[in-house]
Amino acid sequence: MLIKSISKNTKTTYIPDIEKLSANEIKIFQEAELKKLLEYLNKYSAFYKNRLKKIKLNIDNIKCLEDLKELPITTKEELQKYNEDFICVKKNKIIDYITTSGTLGDPVTFAMTEKDLERLAYNEYISFVCAEGKSSDIYQLMTTIDKRFMAGLAYFLGIRKLRAGIIRVGNGVPELQWDSINRFKPNTLIAVPSFILKVIEYAKKNGIDYKKSSIKKAVCIGEPLRNTDFTLNTLGQKIKDKWNIQLFSTYASTEMGSAFTECIEGKGGHHHPELIIVEFLDDNDNPVKEEEAGEVTITTLGVEGMPLLRYKTGDVCFHYKEKCKCGRTTMRLGPIIGRKKQMIKYKGTTLYPPALYDILNNIKEVENYIVEVYTNEIGTDEILIHIGSNCSNERSEKEIKDHFRAKLRVAPSIKFSTPEIVNKMQYTAISRKPIQFIDKRQ
Numbered sequence: 026m027l028i029k030s031i032s033k034n035t036k037t038t039y040i041p042d043i044e045k046l047s048a049n050e051i052k053i054f055q056e057a058e059l060k061k062l063l064e065y066l067n068k069y070s071a072f073y074k075n076r077l078k079k080i081k082l083n084i085d086n087i088k089c090l091e092d093l094k095e096l097p098i099t100t101k102e103e104l105q106k107y108n109e110d111f112i113c114v115k116k117n118k119i120i121d122y123i124t125t126s127g128t129l130g131d132p133v134t135f136a137m138t139e140k141d142l143e144r145l146a147y148n149e150y151i152s153f154v155c156a157e158g159k160s161s162d163i164y165q166l167m168t169t170i171d172k173r174f175m176a177g178l179a180y181f182l183g184i185r186k187l188r189a190g191i192i193r194v195g196n197g198v199p200e201l202q203w204d205s206i207n208r209f210k211p212n213t214l215i216a217v218p219s220f221i222l223k224v225i226e227y228a229k230k231n232g233i234d235y236k237k238s239s240i241k242k243a244v245c246i247g248e249p250l251r252n253t254d255f256t257l258n259t260l261g262q263k264i265k266d267k268w269n270i271q272l273f274s275t276y277a278s279t280e281m282g283s284a285f286t287e288c289i290e291g292k293g294g295h296h297h298p299e300l301i302i303v304e305f306l307d308d309n310d311n312p313v314k315e316e317e318a319g320e321v322t323i324t325t326l327g328v329e330g331m332p333l334l335r336y337k338t339g340d341v342c343f344h345y346k347e348k349c350k351c352g353r354t355t356m357r358l359g360p361i362i363g364r365k366k367q368m369i370k371y372k373g374t375t376l377y378p379p380a381l382y383d384i385l386n387n388i389k390e391v392e393n394y395i396v397e398v399y400t401n402e403i404g405t406d407e408i409l410i411h412i413g414s415n416c417s418n419e420r421s422e423k424e425i426k427d428h429f430r431a432k433l434r435v436a437p438s439i440k441f442s443t444p445e446i447v448n449k450m451q452y453t454a455i456s457r458k459p460i461q462f463i464d465k466r467q
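So the mapping is simple: my numbering equals the position in the sequence shown, first residue as 1, plus 25.
Structure representation (structure tokens):
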């Protein structure tokens with residue numbers, strides 16, 4: 026499954042052979058891998074062994090991808106409650122311990138073996154190549170590699186496999202970011218897109234001619250850059266208007282140990298079928314049609330420490346099956362619409378946080394923000410938005426609420442603070458990326 030690094034002089038884009046095969050050929054490959062996975066889980070996973078025994082399922086009866094529906098869904102709650110039962114290896118085989126961010130509850134531990142780390146490196150290697158990465162690139166890593174964070178480690182391993190240069194700056198500190206850019210001349214940033222705006226603002230305030238810097242592109246993580254029709258959303262357009270660099274969006278999670286990264290066409294994140302089986306399911310766990318949004322449900326392939334079977338991620342999006350102009354035939358995953366557990370029912374309107382973010386990112390006076398949701402005295406959802414701004418008055422509040430009414434027909438409550446106070450709320454002592462959403466609902 027895994028491949029060697031490309032040579033230092035590679036100029037052509039590498040596409041794994043499997044990502045150029047027909048849908049039927051990919052299906053045959055995945056069905057063979059699924060059989061291996063089921064045998065492995067039935068032997069080494071306490072959780073799945075007990076589950077298969079309980080439902081009296083003979084794994085030999087699972088012969089094709091369509092048979093997946095005979096297997097139960099794995100939920101985030103089960104992963105949290107029975108965390109250690111998912112581990113399939115002895116402790117002396119665990120090389121690295123990783124935890125999820127805990128956005129929707131207690132963080133989940135993931136045990137990584139040497140084989141898993143190699144798989145992770147391969148995933149990011151082919152993801153970077155998908156985003157026009159070359160061994161001659163120099164990447165500035167603007168995310169943390171510590172705090173048990175998988176993403177920063179994955180990027181570091183992937184860039185090493187690509188044999189490109191890397192500058193491990195970490196998150197925050199715009200002054201250090203610019204010192205590194207001017208000192209080492211990287212051409213690519215790896216960053217949360219909203220932080221790129223802070224880097225731009227720092228450059229403006231300090232007389233740095235950022236448009237003439239060495240930076241040509243950015244691989245963006247953690248926040249969507251596009252609308253469902255693949256046009257840039259407000260955040261993406263804001264970056265492009267200020268700094269005309271190439272933007273590549275990615276979607277990934279600790280649980281899947283793989284990523285969906287855009288190619289130059291910008292029409293969705295490409296699926297790596299050698300690493301993961303993906304289903305898109307409705308509320309009743311049935312597959313949705315291509316023109317319908319569904320919950321991303323994953324089955325990991327090639328994972329040794331903690332493989333997952335039909336795990337519902339909570340993320341909702343569209344998917345696309347037509348061949349991409351880049352030459353890849355694999356399925357593409359559209360921008361994430363929202364997380365099911367973050368869905369808000371507000372005054373009769375169903376909302377996802379990204380819809381609120383898109384409006385806030387388009388308001389000039391809003392420097393930073395946090396969306397807080399809680400249960401009010403009558404048991405329904407209430408929204409309070411903490412806004413960091415130096416223009417806090419009744420007129421500003423009315424104008425902001427008018428923006429929400431125009432787009433969403435409803436207006437949340439607003440609480441103004443200084444940008445410094447909101448920034449402290451966004452970056453706690455243990456946070457690995459900026460917090461934008463706080464769920465205090467009962």
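All C-beta atoms, glycine included, are put in the ideal place defined by N, C-alpha and C.
DSSP, read as helix, strand or coil, puts D121 in strand. Taking every protein chain shown into account, the CB of G373 has fewer than 16 other CB atoms within 10 angstroms, so this residue is exposed. Its chain contains Q165, I192, V194 and P211 as the residues whose beta carbon lies nearer than 8 angstroms to that of S205, once the 5 sequence neighbours on both sides are disregarded; these appear in chain order.
When DSSP states are grouped into helix, strand and coil, V303 belongs to the strand group. When secondary structure is reduced to three states using DSSP, V321 falls in the strand class.
Within the same chain, Cβ atoms closer than 6 angstroms to the Cβ of G293 are found at Y345, R357, L358 and G359, the five residues on either side in sequence being excluded. By the neighbour-count definition (other C-beta atoms within 10 Å, threshold 16), N418 is an exposed residue. Distance check between T124 and each of M137, N117 and K118 places M137 closest, using alpha-carbon atoms only.
No Cβ-Cβ contact shorter than 8 angstroms links K370 with L409. The three-state reading of DSSP puts N393 in strand, counting E and B together.
Non-local beta-carbon contacts of T213 in its own chain, meaning distances under 6 angstroms to residues more than five positions away in sequence, involve D162, Y164 and K242 in chain order.
Beyond the five residues adjoining it in sequence on each side, E315 comes within less than 8 angstroms, by CB distance, of F343, H344, Y345 and K346 in the same chain, given in chain order. Counting of Cβ neighbours within 10 angstroms places A216 among the buried residues, the total reaching 16 or more.
When the alpha-carbon of S152 is set against those of F273, T100 and S219, the nearest one is in F273. By the Cβ criterion, the stretch 71 to 87 is in contact with the stretch 96 to 114, since at least three pairs of Cβ atoms, one from each stretch, lie closer than 8 angstroms. In this structure, the alpha-carbon of L59 lies about 48 angstroms from that of I388. Annotation: N448 to I170 spans about 21 angstroms, alpha carbon to alpha carbon.
The stretch 282 to 300 makes contact with the stretch 246 to 260; the number of CB pairs closer than 8 angstroms reaches 3 or more.
A straight line joining the alpha-carbon of E280 with that of G232 spans about 42 angstroms. Between Q367 and D464, the gap from beta carbon to beta carbon is short of 8 angstroms. No residue range can be given for F255, since it is assigned to no beta strand (DSSP E) and is classified by DSSP as neither H nor E.
Take M331, set aside five residues on each side of it, and the residues of its chain with a beta-carbon closer than 6 angstroms to its own are F111, I112, F135 and A136, in chain order. For M137, the uninterrupted beta strand (DSSP E) segment begins and ends at T134 to M137. In the structure shown, C155 adopts helical secondary structure according to DSSP, grouped into three states. I233 carries a coil assignment under DSSP once its states are collapsed to helix, strand and coil. Taking C-alpha positions only, K223 is separated from D308 by approximately 39 angstroms. When the Cα atoms are used, R208 and F220 turn out to be separated by approximately 20 angstroms. Leaving aside the five residues that flank K236 on each side, the residues in its chain whose CB is nearer than 7 angstroms to its CB run, in chain order, W268. Secondary structure of G413 (DSSP, three-state): strand. Taking C-beta atoms as the reference points, Y147 and K186 count as a pair closer than 8 angstroms. In the DSSP assignment, V398 forms a beta bridge with I408 and D464.
Taken atom to atom, the span from the alpha-carbon of D121 to that of R430 is near 48 angstroms.
Taking 8 angstroms as the cut-off, the beta carbon of E64 is found no closer than this to the beta carbon of L90. Residue environment analysis places G363 among the buried positions, since at least 16 neighbouring C-beta atoms fall within 10 angstroms of its C-beta. Boundaries of the alpha helix (DSSP H) harbouring F181: M175 to L187, taken from the DSSP string.
According to the DSSP secondary-structure assignment, G190 is paired through a beta bridge with I163.
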